[in-house]
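Residue numbers (our numbering), protein chains in the order written: chain A, 237 to 411; chain B, 14 to 175.
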């Protein structure tokens, strides 16, 4: 298992997938910061003025971390930033669920009103609920692999898992 | 060989300066974009509040309740049925025109009107107050809604209503 999680191919896949996900997630929010602020208000976590600061800054941190992951630069630090964001989202979602607040559009991708936002997606994928929590846990797992596990050096003729098992830890690649 | 400024989780070098730089650069770019792009908004107040909206803090609203002000609940009626500020009438945003006809006699007699809903993320109280203003009724909005009211130890009537 450890060998699979250190597979360079898996790391490349996770890095590109997670990076693209966060770049895409940031774009609509960057384009419409006031609309995103309205959505952050609905979570009712930190009050209106701190919510404004979150709405103005969070999408740009998502964009920067996502671009760094896609580009393969500062991979571990970018993955750690993504992991921190996801932990923050999970705590906020837990707070929303515990208080029974109905957030129809989580603002994860689109700031459009729920009825206008991508009609093909069912409502339970847009709000704050167990789908969002599960998705964020999966993404957190991916970010954790990128942040905490060094990919093994590819070995000619060896499968990734075997290569991972044979790679000494002290020869880790710098990020 | 450990790099200066790096911290190691087992075999993992993490440069905390880089991590902080990502956070600071991202946040700085966001604030700059908000200030200079023409698409930004004022960070110091709620984006829901418009010019002409009158907000009343929970503490002052309690004093108004004691002086007999009329409170209007802009949440969906089912929420009002479950609990409400004492003596508040239901005037839900989504059923405004029909509900207004029921409460209008009380509006005419009210010394002051305060509209509330479920929190600072809720726009219904602002919308209802604006509609009332259009009809000639001066209505203030309870700033940050029911959570602020409850934080200020404002009383609630939890007797179910039909």
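The beta carbon of each residue, even a glycine, is placed where N, CA and C say it ideally should be.
Just to confirm the assignment, what range does the alpha helix (DSSP H) spanning residue i have?
i	result
residue 266 (chain A)	244–267
residue 110 (chain B)	109–122
residue 29 (chain B)	29–49
residue 330 (chain A)	311–335
residue 347 (chain A)	Neither: residue 347 (chain A) is in no alpha helix (DSSP H) and is coded neither H nor E.
residue 370 (chain A)	366–384
residue 297 (chain A)	284–307
residue 143 (chain B)	137–147
residue 238 (chain A)	238–241
residue 159 (chain B)	158–164
Residues of chain A with CB closer than 8 Å to the CB of residue i, please, in chain order.
i	result
residue 35 (chain B)	297, 300, 301, 304, 310, 313, 314, 317
residue 46 (chain B)	266, 269, 292, 296
residue 65 (chain B)	Going along chain A, no residue has its Cβ under 8 Å from residue 65 (chain B), so there is no contact; the nearest lies around 18 Å.
In the DSSP assignment, find the beta strand (DSSP E) that holds residue i and state where it starts and stops.
i	result
residue 85 (chain B)	83–86
Pick from the options: whose alpha carbon is nearest that of residue i?
i	options	result
residue 159 (chain B)	B:129, B:48, B:82	B:129
residue 169 (chain B)	B:108, B:94, B:153	B:94
residue 330 (chain A)	A:388, A:247, A:279	A:279
residue 27 (chain B)	A:267, A:272, A:316	A:316
residue 253 (chain A)	A:265, A:376, A:343	A:376
residue 133 (chain B)	A:368, A:276, A:343	A:276
residue 29 (chain B)	A:389, A:339, A:383, A:346	A:383
residue 131 (chain B)	A:367, A:348, A:337	A:337
residue 313 (chain A)	A:239, A:347, A:379	A:379
residue 102 (chain B)	B:84, B:35, B:172	B:84
residue 50 (chain B)	A:292, A:341, A:287	A:292
residue 67 (chain B)	B:166, B:33, B:173, B:157	B:157
residue 328 (chain A)	A:290, A:257, A:285	A:290
Going by DSSP, name the residue or residues bridged to residue i.
i	result
residue 126 (chain B)	B:83, B:152
residue 170 (chain B)	B:97
residue 102 (chain B)	B:85
residue 69 (chain B)	B:155
Cβ closer than 9 Å: which chain B residues qualify as neighbours of residue i?
i	result
residue 277 (chain A)	59, 60, 61, 132, 133, 134, 135, 136
residue 330 (chain A)	Result: empty, since nearest Cβ-Cβ is about 17 Å, beyond 9 Å.
residue 289 (chain A)	40, 43, 44, 56
residue 285 (chain A)	56, 57, 58, 59
Just to make sure I have the definition right: I need the residues of chain A whose C-beta is within less than 9 Å of the C-beta of residue i. Which are they?
i	result
residue 128 (chain B)	In chain order: nothing, as chain A lies at least about 17 Å away.
residue 32 (chain B)	310, 312, 313, 314, 316, 317, 320
Could you tell me which chain A residues have their CB closer than 7 Å to the CB of residue i, listed as they occur along the chain?
i	result
residue 28 (chain B)	313
Identify the contact partners of residue i in chain B, using a Cβ-Cβ distance below 7 Å as the criterion.
i	result
residue 273 (chain A)	54, 60
Would you say the stretch 283–303 of chain A touches the stretch 246–261 of chain A, given that touching needs at least three Cβ pairs under 8 Å?
-> yes
Is there contact between the stretch 135–143 of chain B and the stretch 59–77 of chain B, where contact requires at least three CB pairs shorter than 8 Å?
-> yes
So, do the stretch 27–47 of chain B and the stretch 115–125 of chain B have three or more beta carbon pairs nearer to each other than 8 Å?
-> no
For the 8 Å Cβ check, are there 3 or more pairs between the stretch 321–341 of chain A and the stretch 68–87 of chain B?
-> no
Inter-stretch contact at 8 Å, needing at least 3 Cβ pairs: the stretch 120–129 of chain B / the stretch 152–167 of chain B | yes
For the stretch 306–313 of chain A and the stretch 358–376 of chain A, state whether three or more C-beta atom pairs, one from each stretch, are separated by less than 8 Å.
-> no
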